[in-house]
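K.L.:
Taking this note's numbering, the leading residue of the sequence shown gets 4, the next gets one more, and so forth. Glycine included, every Cβ here is placed at the ideal spot set by N, Cα and C. Predicted model only: the values in this text are computed from it and were never measured.
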Amino acid sequence: MSQPQGPAPALLKIGDFAELVGTNLRTLRYYEELGLIEPAERSSGRFRYYWPTDVYRVHLIRDLQDLGLHLDRIRELVGRRGENEAREALAQRVGAALKAHDALLEERMNRLEAQRGRIREALGKLGACTLCEHSPNPRNNFCEPCACDGSSLPQLLSALF
């Protein structure tokens with residue numbers, strides 16, 4: 004009886020997997036070195052094969068990176084499951100990682116919303132600035148307070164007018 008030469012058809016060769024997750028082979032190999040991902044199997048030619056569901060793991064790693072977490076910290080949170088790790092321990096570890104991820108997202112969203120408010124405030128005032136006939140003070144380039152209506156300029160505009 005001959006041994007199968009390749010993996011089960013459901014597995015993806017590393018190149019196909021890299022394309023599916025939108026990265027390159029080098030990044031996947033680096034994630035493997037760090038213990039963040041693990042190929043489902045290797046062929047006799049040493050090709051790496053991944054499960055299609057490993058896409059979710061790579062997306063989680065990249066999401067955590069986008070939040071500013073270093074790969075070492077990501078490994079602590081979502082690294083490979085230990086052989087003897089009980090399902091309950093894994094669930095607790097993953098739950099803690101997801102809660103931390105959620106808290107970071109909330110914090111980031113709050114900062115982005117504040118920044119968005121400052122931008123909208125500046126845009127609202129900018130329309131009046133384009134119609135203004137007054138010139139900024141030539142010594143400091145500020146129109147503070149606004150020469151048209153006496154109001155304070157939004158911070159984003161104070162640096163310009």
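Is there contact here, the segment 130-139 with the segment 149-160, by at least three beta-carbon pairs under 8 Å?
P.N.:
The segment 130-139 vs the segment 149-160: in contact.
K.L.:
Do the segment 54-63 and the segment 13-22 make contact, defined as three or more Cβ pairs closer than 8 Å?
P.N.:
At 8 Å Cβ cutoff, the stretches touch.
K.L.:
Compare the Cα-Cα distances from Ala103 to each of Leu115, Val58, Ser161, Ile77 and report the closest residue.
P.N.:
As a working note, residue 103 is residue 100 in the sequence shown. Per the Cα distances, Ile77.
K.L.:
Given a threshold of 16 other Cβ atoms within 10 Å of its Cβ, counted over all protein chains shown, does Ala100 qualify as buried or as exposed?
P.N.:
Along the sequence shown, read from residue 1 onward, the residue named residue 100 stands at position 97. Buried is the call here.
K.L.:
Step through the CB atoms of chain D and report whether any lies within less than 9 Å of the CB of Thr30.
P.N.:
Considering every chain present, this structure includes no chain D. It has just one protein chain.
K.L.:
Among Arg96, Asp69, Val97, Asp75, which has the Cα closest to the Cα of Met112?
P.N.:
As a position in the sequence shown, residue 112 is number 109, starting the count at 1. Nearest option by C-alpha distance: Asp69.
K.L.:
Assuming Arg121 and Leu159 make a contact with CB atoms under 8 Å, what is their CB distance in whole Å?
P.N.:
Working through the sequence shown from its first residue, we reach residue 121 at position 118. Working through the sequence shown from its first residue, we reach residue 159 at position 156. Confirmed, about 6 Å.
K.L.:
What three-state label does DSSP hand Leu15 in the structure shown?
P.N.:
Taking the sequence shown and counting its residues from 1, the one referred to as residue 15 is at position 12. Correct three-state label for Leu15: strand.
K.L.:
Going by Cα to Cα distance, which pick from Leu63, Glu91, Arg90, Ala89 is closest to Leu80?
P.N.:
Within the sequence shown, numbered from 1, the residue matching residue 80 stands at position 77. Checking every option, the nearest Cα to that of Leu80 belongs to Leu63.
K.L.:
Which of the three DSSP states, helix, strand or coil, is assigned to Met4?
P.N.:
Numbered from its first residue, the sequence shown carries residue 4 at position 1. Residue placement at Met4 cannot be trusted, given a pLDDT of 45 that sits under 50; the coordinates are not used to answer.
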